[in-house]
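Just below is one structure, and these are the notes that go with it.
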Amino acid sequence: MEKIESRDNGRVKEYGKIASSRKQREESGLFAIEGVKLLGEALRCGLSVEQVFVTAQCFKSHGELAALLEKCPRVFEISRGVEEKISQSQSPQGVYALCKRLDKRENMVKIDSNGSYLALWDLQDPGNVGTILRGADAMGLSGVILSRNCCDLYNLKTIRAAMGSLFRVPVLVTDMEKFLGESGLKSYAAVVSPDAQNAAGMDFSGAVVVIGNEGNGLSAEQAAACDTPITIPMRGNAESLNAAMAATIFMWEMARGKII
Numbered sequence: 001m002e003k004i005e006s007r008d009n010g011r012v013k014e015y016g017k018i019a020s021s022r023k024q025r026e027e028s029g030l031f032a033i034e035g036v037k038l039l040g041e042a043l044r045c046g047l048s049v050e051q052v053f054v055t056a057q058c059f060k061s062h063g064e065l066a067a068l069l070e071k072c073p074r075v076f077e078i079s080r081g082v083e084e085k086i087s088q089s090q091s092p093q094g095v096y097a098l099c100k101r102l103d104k105r106e107n108m109v110k111i112d113s114n115g116s117y118l119a120l121w122d123l124q125d126p127g128n129v130g131t132i133l134r135g136a137d138a139m140g141l142s143g144v145i146l147s148r149n150c151c152d153l154y155n156l157k158t159i160r161a162a163m164g165s166l167f168r169v170p171v172l173v174t175d176m177e178k179f180l181g182e183s184g185l186k187s188y189a190a191v192v193s194p195d196a197q198n199a200a201g202m203d204f205s206g207a208v209v210v211i212g213n214e215g216n217g218l219s220a221e222q223a224a225a226c227d228t229p230i231t232i233p234m235r236g237n238a239e240s241l242n243a244a245m246a247a248t249i250f251m252w253e254m255a256r257g258k259i260i
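Residue numbers (the UniProt record's numbering): 1 to 260.
Here is the structure:
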C-alpha cells in the first residue's frame, strides 16, 4: 500500500477539489464518499471505486476493511495531516474514496405506470434530499425525480444523509414541468391549504407526489402543473412541515397499502 504523507500530493488535491466542488465532480465524472460503511455500500451496489485513502488507525480498527480494499484498484495509506486536509466531516472517518458517478438521468428510462414516485422541485438543502432518498429506499418507492435546479446529488451532505440509498434508489434528474406533462402519471402537488385533498388513505398507484422548495414550497405555477393539490392535515399550531418531514409522511402514505 503506497503511503501519502504530503498535503500537497496531487491525488490529495484532486480528492479535495472533487469533494468540495460540484463543477469538479461534473467534469471528472467522480464523486467522494467518506467512511467504512459507505465504502461497503458502494461496493455492494456495484459502484466503480477508483481510489481509496485510508489511515493506518482506521485500517487496524476495522477488521472488515481489508476485504473491502481488496476490491479497490488503488489504495493509499494517508497520514493524519493528510486526513485533516481532505476530511469534510467534523468527525474524521478514516477512509475516503473517489467513485464514478452514476448516470441518474438514464436510470429511469421507463416509468412504471403503476409505480409510486416522489418529485422534488428545486430543493436546495442536500441534507433534505439525502434524507428523502433514504426514506424512498425504506418505503420501496419506484423512484425519485429531481428538477434540474435541485442541489447536487453528489454533495457529501446528500450522500451522508442518504446512508447508501443514493446507490440503490432510481433517480431521474430532468425538466420537471415536461416530466409531469409526459410521464402519464397522476400528479399531486403537496401544498398547505384547507382546500386541498387530504392525502391520508389515498391510492398513489401510478402517481407522483411533488414536493416544493424548502423556503417557499411550490409556486402557484408549479402547483398548477400538477393534476390535484393534496395536503397533510395538522391539528397543532405549526404552519407547515420541513420538506423532508412532509416528504416522509407522503412516502408512508404512498407505501402504506403495500406494507400493512
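Note that beta-carbon positions come from the ideal geometry of N, C-alpha and C, so glycine has one too.
- Between the segment 123-137 and the segment 81-92, the count of C-beta pairs closer than 8 Å stays below three; the two stretches do not touch.
- Pro-229 is bridged by DSSP to Ala-189.
- In this structure, Val-208 is the residue among Val-52, Phe-76 and Val-208 with its C-alpha nearest to the C-alpha of Gly-115.
- Scanning its chain for C-beta atoms nearer than 8 Å, with the 5 sequence neighbours on each side dropped, one finds around Glu-253 the residues Ala-199, Ala-200, Gly-201, Met-202 and Phe-204, in chain order.
- Counting every other CB atom within 10 Å of its CB across the protein chains shown gives Ser-113 a total below 16, marking it as exposed.
- Non-local beta-carbon contacts of Asn-242 in its own chain, meaning distances under 8 Å to residues more than five positions away in sequence, involve Asn-128 and Glu-214 in chain order.
- When the five nearest sequence neighbours on each side are left out, the beta carbons in the same chain lying within less than 6 Å of the beta carbon of Arg-22 are those of Asp-152, in order along the chain.
- According to DSSP, Phe-31 shares a beta bridge with Cys-99.
- Taking 4 residues as the shortest admissible run, the segment 165-215 contains the following complete alpha helix (DSSP H) segments, listed from N- to C-terminal end: 176-182.
- Between the alpha carbons of Pro-229 and Gln-24 lies a gap of roughly 39 Å.
- DSSP assignment within the segment 54-130 yields the following whole beta strand (DSSP E) runs of 3 residues or more, N-terminal first: 75-78, 95-100 and 116-120.
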